[in-house]
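The sequence shown lines up with residues 18 to 250 when you count with our numbering. The structure under discussion appears below in the form of structure tokens.
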Amino acid sequence: MGNFNLPKKAARLIVLQRIELISPFLAKIRKLFGRYFFSNFVTRFFLNPKILKEKYYQTMADEFSMIERFIDSNDKIFLSIGGGLGGLELIINQKFKNNKYHFIEKNYVSKKVQYGWGGTKNTEGYNNLNLQKNFLKMNGLNENQTNIYDFDNDTLPEKKFDVIISLFSLDYHYDFSLYKDYLKKVSKSDTKIIFDTIRADYFSQIFKKVEIVKTYNNTVHKSKRVVCTEFWN
Ligand SMILES: C[S@@+](CC[C@H](N)C(=O)[O-])C[C@H]1O[C@@H](n2cnc3c(N)ncnc32)[C@H](O)[C@@H]1O
């Protein structure tokens, strides 16, 4: 099985970004003592980075196999919205070399991480862009392949992307409308926009083609993974 190298402190981010990776014991602690205690104390001192990075690798490899058929060697420019540390993009890079990856993320960890639907408020963040940068570099993504943008402070990249991926972020935790105009600008008629949404039906009004890849009934809220292409207008 493959694995990732993990910078010190990044195990905490993996857990906050992918809460399903915690052990049943830590899940109980979280339930008993609450989210604030869990996010600020347990994730700092009680994680096993070795086990976590293996689980994270496996999860990202599974995510890749689900979307692999939508990606081919002509796809060169990728955008990741809320990609967390970027494990999925690392696996894509292992298969298709020399692509460019642009990441838009948040550069802070919320004090009391809530995994709900924030609508257009979008105040939750669980990342650290320096740790993300190190993680990508330690795992084979060259600096000239990578650009990381802070959603709250940077000008977002204005180029045409081949593939745009947002797992459990766009329209899962915050409203698609936050990115709608931007995504129109940076997509072509064949750009594949892959994300998890709590309202898949709504997207047939927005895109000419919407393919449902998977239905999740046991995640934080019921959702569907969709691959959308071509805005109606
Ligand atoms: C539940 S995590 C999912 C991370 C990753 N996609 C994965 O599947 O492991 C959601 C991510 O979205 C990020 N996020 C929240 N609001 C965002 C925004 N407006 N733009 C980009 N990223 C955002 C958070 O910081 C967090 O890393």
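Cβ atoms here follow ideal geometry from the backbone N, Cα and C, with glycine treated the same way.
Are the Cβ atoms of residue i and residue j separated by less than 8 Å?
| i | j | result |
| --- | --- | --- |
| residue 81 | residue 108 | yes |
| residue 240 | residue 215 | yes |
| residue 169 | residue 123 | yes |
| residue 117 | residue 150 | no |
| residue 66 | residue 96 | no |
| residue 184 | residue 105 | yes |
| residue 33 | residue 76 | no |
| residue 191 | residue 136 | yes |
| residue 115 | residue 157 | no |
Quick check: what's the CA-CA separation for residue i versus residue j?
| i | j | result |
| --- | --- | --- |
| residue 221 | residue 188 | 14 Å |
| residue 131 | residue 68 | 24 Å |
| residue 43 | residue 209 | 37 Å |
| residue 235 | residue 52 | 20 Å |
| residue 320 | residue 126 | Nothing about residue 320 can be reported from this structure: the residues present for the chain run from 18 to 250 only. |
| residue 333 | residue 182 | Limits of the chain in this structure are 18 at one end and 250 at the other, which puts residue 333 out of reach. |
| residue 70 | residue 139 | 27 Å |
| residue 31 | residue 218 | 30 Å |
| residue 163 | residue 113 | 15 Å |
| residue 152 | residue 74 | 13 Å |
| residue 58 | residue 41 | 17 Å |
| residue 165 | residue 49 | 36 Å |
| residue 204 | residue 25 | 36 Å |
| residue 196 | residue 211 | 13 Å |
| residue 227 | residue 143 | 29 Å |
| residue 175 | residue 72 | 34 Å |
| residue 39 | residue 55 | 11 Å |
Pull up the CB-CB distance for residue i and residue j, whole angstroms please, since I reckon it's below 8 Å.
| i | j | result |
| --- | --- | --- |
| residue 87 | residue 100 | Between residue 100 and residue 87 the Cβ distance is about 16 Å, and since that is not below 8 Å, they are no contact. |
| residue 64 | residue 27 | That pair is no contact at about 10 Å. |
| residue 207 | residue 246 | 6 Å |
| residue 243 | residue 229 | 6 Å |
| residue 248 | residue 202 | At roughly 10 Å, the Cβ-Cβ gap does not stay under 8 Å, so residue 248 and residue 202 are not in contact. |
Would you please verify whether the beta carbon of residue i is less than 8 Å from any beta carbon of chain B?
| i | result |
| --- | --- |
| residue 42 | Here chain B cannot be found, since the structure has a single protein chain. |
Practice item. Could you name each continuous alpha helix (DSSP H) segment of 4 residues or more that falls completely within the region 188 to 242, going from the start of the chain to the end? Key: 194 to 203
**Study point:** Start-end ranges of the beta strand (DSSP E) lying completely within the region 132 to 186, minimum 3 residues
**Key:** Counting only runs of 3 or more, we get 163 to 167, 178 to 183.
Check your understanding: What residue ranges within the region 92 to 137 form continuous beta strand (DSSP E) runs of no fewer than 3 residues, ordered along the chain?
Key -> 94 to 98, 117 to 122
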